[in-house]
Amino acid sequence: MMPRLATQFDAGLASDVVNFIFEGDNFSATRPLFAGKCLAKVEIQGPKPHFVSVRPNALGMPESPAGGSAEAAEASVDAGNIRAAIKEIIASASEKADLTEANIIISGGRAMKNSENFSILHECAEVIGATVGASRAAVDSGYASPDMQVGQTGKTVSPSLYIACGISGAIQHLAGMRTSKVIVAINSDPDAPIFTKADYGIVGDLFKIVPILTEELKKIQG
Ligand SMILES: Cc1cc2nc3c(=O)[nH]c(=O)nc-3n(C[C@H](O)[C@H](O)[C@H](O)COP(=O)(O)OP(=O)(O)OC[C@H]3O[C@@H](n4cnc5c(N)ncnc54)[C@H](O)[C@@H]3O)c2cc1C
117 MMPRLATQFD
127 AGLASDVVNF
137 IFEGDNFSAT
147 RPLFAGKCLA
157 KVEIQGPKPH
167 FVSVRPNALG
177 MPESPAGGSA
187 EAAEASVDAG
197 NIRAAIKEII
207 ASASEKADLT
217 EANIIISGGR
227 AMKNSENFSI
237 LHECAEVIGA
247 TVGASRAAVD
257 SGYASPDMQV
267 GQTGKTVSPS
277 LYIACGISGA
287 IQHLAGMRTS
297 KVIVAINSDP
307 DAPIFTKADY
317 GIVGDLFKIV
327 PILTEELKKI
337 QG
């Protein structure tokens, strides 16, 4: 929608930005490129409107000091010009928040070994209100469904807490979750690259650690 609108208004578009500032009419923003390996500064010149799409969860939601007000404007649209219409909005089958909206994500990698073992992640997720994600290796191996994939060719997420279980930390996985506010990694290999990005690391067998974590979190919640 945004590129189409920008074209209609003959205006500039900055997509997938992770922050931005306005100085008068001038707009500049930061946009990750090459799976987050570098950041580009993009500017839109000329008068407003400017069109901007922000990476989900990249910007915090500030407390609103007071209820605002908005002026409603009427748009006159010739029905004959409308070429696309929303026919139906289908709610997600899952009651869990979509990965891109989730505040907490617990993800499993190839180390999960099969789809049944993902149940230990679901149990933990149940306690902390998390959504379960997966690496591409887990998805390609059939342990998790494609809509659970986090990464360059999966979903880009930015939760408050990301718990990576048995995920090595390949650049393509990091591309999708490196902007998470707090990253916890559980991996049996102390040299796994994920530890270089993790705020907290646990070296050990996830099949022992995750159930203990779930029990401890239950106690805290209880
Ligand atoms: C073009 C392209 C796009 C890609 N897009 C994506 C993407 O979107 N998302 C993505 O995730 N990947 C993507 N990949 C794949 C990526 O390169 C890696 O292959 C993948 O992320 C590896 O997944 P993994 O970490 O689960 O598996 P592995 O790399 O095999 O890592 C498994 C980890 O589990 C640890 N481990 C093993 N047993 C245990 C245990 N019992 N307890 C704890 N730890 C254990 C191991 O030490 C290891 O670090 C892409 C690759 C390409 C080329």
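Residues in the sequence shown are numbered consecutively from 117, following my numbering. Where a beta carbon is used, it is the ideal one built from N, C-alpha and C, also for glycine.
Residues sharing a beta bridge with residue i, DSSP
| i | result |
| --- | --- |
| LEU155 | PRO148 |
| PHE143 | PHE138, ILE160 |
| SER223 | GLY249, ALA280 |
| VAL168 | ALA130 |
| VAL319 | ASN303 |
Expected contact under 8 Å - CB spacing of residue i and residue j to nearest Å
| i | j | result |
| --- | --- | --- |
| LYS271 | LEU215 | 5 Å |
| ASN173 | SER274 | 4 Å |
| SER304 | VAL326 | Not really, about 12 Å apart at Cβ, beyond 8 Å. |
| ILE302 | LEU322 | 5 Å |
| MET228 | GLY282 | 6 Å |
| GLY245 | ILE220 | 6 Å |
Limits of the unbroken beta strand (DSSP E) element including residue i
| i | result |
| --- | --- |
| LEU129 | 129–133 |
First and last residue of the uninterrupted alpha helix (DSSP H) at residue i
| i | result |
| --- | --- |
| PRO90 | Any answer about residue 90 is impossible in this case: the structure gives the chain only from 117 up to 338. |
Subject >> Closer than 5 Å: residues whose CB approaches a heavy atom of ligand 1 >> reply: GLY225, ARG226, ALA227, SER251, ARG252, ALA253, GLY267, GLN268, THR269, GLY270, GLY282, ILE283, SER284, ALA286, GLN288, HIS289, ASN303, SER304, ASP305, ALA308, ASP321, LEU322
Original post:
Which parts of the stretch 231–309 are runs of the alpha helix (DSSP H), unbroken and 4 residues or longer, counting only runs that do not cross its ends?
Top reply: 235–244, 252–256, 287–293
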